[in-house]
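A.B. asks: Have a look at this one.
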Amino acid sequence: MEELKILFTAVLAFLLTSSSYGQTDIRNLDIVYIGNSITQGVQIDDPAEEAPPAFATKYIRTLKGVESARFLNRGKSGYTTVNFLPTPDGELSKAISAVKEFHTDDSRHLVFSIMLGTNDSAEEGPRGSPLYPEEYHFNIKAITDKLLSEFPGCNVVYQQPIWYSPNTYNRSRYLKAGLERLQSYFPELNSLVAEYSATRPDQVLMGDTRAFDYFKENHLTDQIPEQGNAGTFYLHPNKKGAEALGKFWGNSIYEVLFKK
Numbered sequence: 000m001e002e003l004k005i006l007f008t009a010v011l012a013f014l015l016t017s018s019s020y021g022q023t024d025i026r027n028l029d030i031v032y033i034g035n036s037i038t039q040g041v042q043i044d045d046p047a048e049e050a051p052p053a054f055a056t057k058y059i060r061t062l063k064g065v066e067s068a069r070f071l072n073r074g075k076s077g078y079t080t081v082n083f084l085p086t087p088d089g090e091l092s093k094a095i096s097a098v099k100e101f102h103t104d105d106s107r108h109l110v111f112s113i114m115l116g117t118n119d120s121a122e123e124g125p126r127g128s129p130l131y132p133e134e135y136h137f138n139i140k141a142i143t144d145k146l147l148s149e150f151p152g153c154n155v156v157y158q159q160p161i162w163y164s165p166n167t168y169n170r171s172r173y174l175k176a177g178l179e180r181l182q183s184y185f186p187e188l189n190s191l192v193a194e195y196s197a198t199r200p201d202q203v204l205m206g207d208t209r210a211f212d213y214f215k216e217n218h219l220t221d222q223i224p225e226q227g228n229a230g231t232f233y234l235h236p237n238k239k240g241a242e243a244l245g246k247f248w249g250n251s252i253y254e255v256l257f258k259k
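Mind the numbering: the sequence shown is residues 0 to 259 in numbering that gives the first Met the number 0, read in order.
Right, dumping it as structure tokens:
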């Protein structure tokens with residue numbers, strides 16, 4: 000009898016999740032961007048209109064099949080996956096409260112676009128850094144699990160972090176070791192997507208993987224030159240770079256939602 004109760008509970012949970020997911024309309028999107036200063040657009044003149052989330056959402060609105068798209072920017076400068084761990088007074092809890100105020104129409108499809116890892120990769124400075132790949136994996140999973148628990152019908156899309164110059168050293172020390180560590184996180188994102196495909200099919204998806212190389216090749220035109228402790232470094236996109244990154248994100252969100 001106890002086994003039957005457990006089985007019934009599991010089936011009911013699955014049906015509720017499937018029902019919630021099935022009732023939303025991907026033609027009408029509510030997109031929440033979670034990230035660091037790159038997402039926040041702290042060095043952009045008008046972040047509300049020119050940070051990557053704004054450009055990404057504007058671009059998505061132009062694509063076939065999309066009727067409307069709204070966005071919420073929850074990028075926080077200097078933050079790592081540690082800052083976003085699901086704790087009662089942590090940043091993720093604040094973001095979830097903001098999402099519940101933002102996403103009030105259950106017929107609209109909720110998407111979380113996450114790009115974290117830049118600050119995790121630093122040699123010294125940001126909270127918790129440097130994080131080993133397995134720690135990064137654990138934290139991203141904890142964040143994702145919490146979002147799926149709070150919003151069962153949502154999609155979570157991982158955006159691969161972008162390139163920064165190997166001499167990056169502001170208040171935090173990144174340098175070549177940080178850049179190498181950043182790239183060690185990329186397989187962890189793919190691994191997580193594979194893990195969730197077995198338990199939450201088509202809900203946790205891999206987004207952009209091309210922007211890293213784009214900024215490596217175009218940093219002189221698309222990133223802001225900043226004076227640091229090891230010379231001029233490139234980390235944050237300028238307006239042109241923010242638009243390019245937004246298009247990468249927008250394309251990836253559209254592709255995984257409309258072509259899966």
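All C-beta atoms in this analysis are idealised placements derived from N, C-alpha and C, irrespective of residue type, glycine included. Here the structure is a predicted model, which is why all the values come from computation and not from measurement.
Does the beta-carbon of residue 128 have 16 or more other beta-carbons within 10 angstroms, so that it is buried, or is it exposed?
C.D. replies: Its Cβ being crowded by 16 or more others within 10 Å, residue 128 is buried.
A.B. asks: Just verifying my parser: in three-state terms, what is the DSSP assignment at residue 176?
C.D. replies: Helix at residue 176.
A.B. asks: Can you check which of these residues, 154, 213 and 248, is closest to residue 196 by C-alpha distance?
C.D. replies: With distances taken between Cα atoms, residue 196 lies closest to 154.
A.B. asks: Can you give me the start and stop residues for the alpha helix (DSSP H) that residue 53 sits inside?
C.D. replies: Start and end: 51 to 60.
A.B. asks: On the DSSP bridge list, what partners appear for residue 231?
C.D. replies: Beta-bridge pairing links residue 231 to 226.
A.B. asks: When the Cα of residue 94 is compared with those of 113, 108 and 117, which residue comes out closest?
C.D. replies: Checked all of 113, 108 and 117; the closest Cα to residue 94 is 113.
A.B. asks: Between residue 159 and residue 208, how many whole angstroms is the CB-CB distance? I'm expecting something under 8 Å.
C.D. replies: Residue 159 to residue 208, Cβ: 5 Å. Contact.
A.B. asks: Using a threshold of 8 Å, state whether the C-beta atoms of residue 261 and residue 39 are closer than that.
C.D. replies: This structure cannot speak to residue 261, because the chain is shown only from 0 to 259.
A.B. asks: Bridge partners of residue 73, per DSSP?
C.D. replies: The partner list for residue 73 (beta bridge, DSSP) reads 33.
A.B. asks: Nearest to residue 86 by CA position, among 141, 51, 254 and 217, is which residue?
C.D. replies: If we check each option's Cα against that of residue 86, 141 comes out closest.
A.B. asks: The alpha helix (DSSP H) that contains residue 256, what's its start and end?
C.D. replies: Looking at the DSSP string, the run of the alpha helix (DSSP H) that includes residue 256 is 238 to 257.
A.B. asks: Can you pull the DSSP bridge partners for residue 113?
C.D. replies: Beta-bridge pairing links residue 113 to 33 and 157.
A.B. asks: Is residue 228 a contact residue of the ligand MG, with contact defined as CB to any heavy atom under 7 Å?
C.D. replies: Questions concerning the ligand MG fall outside what the structure shown contains, since it holds no ligand whatsoever.
A.B. asks: Within 10 Å of its beta-carbon, does residue 170 have 16 or more other beta-carbons around it, so buried, or fewer, so exposed?
C.D. replies: So residue 170 ends up on the exposed side.
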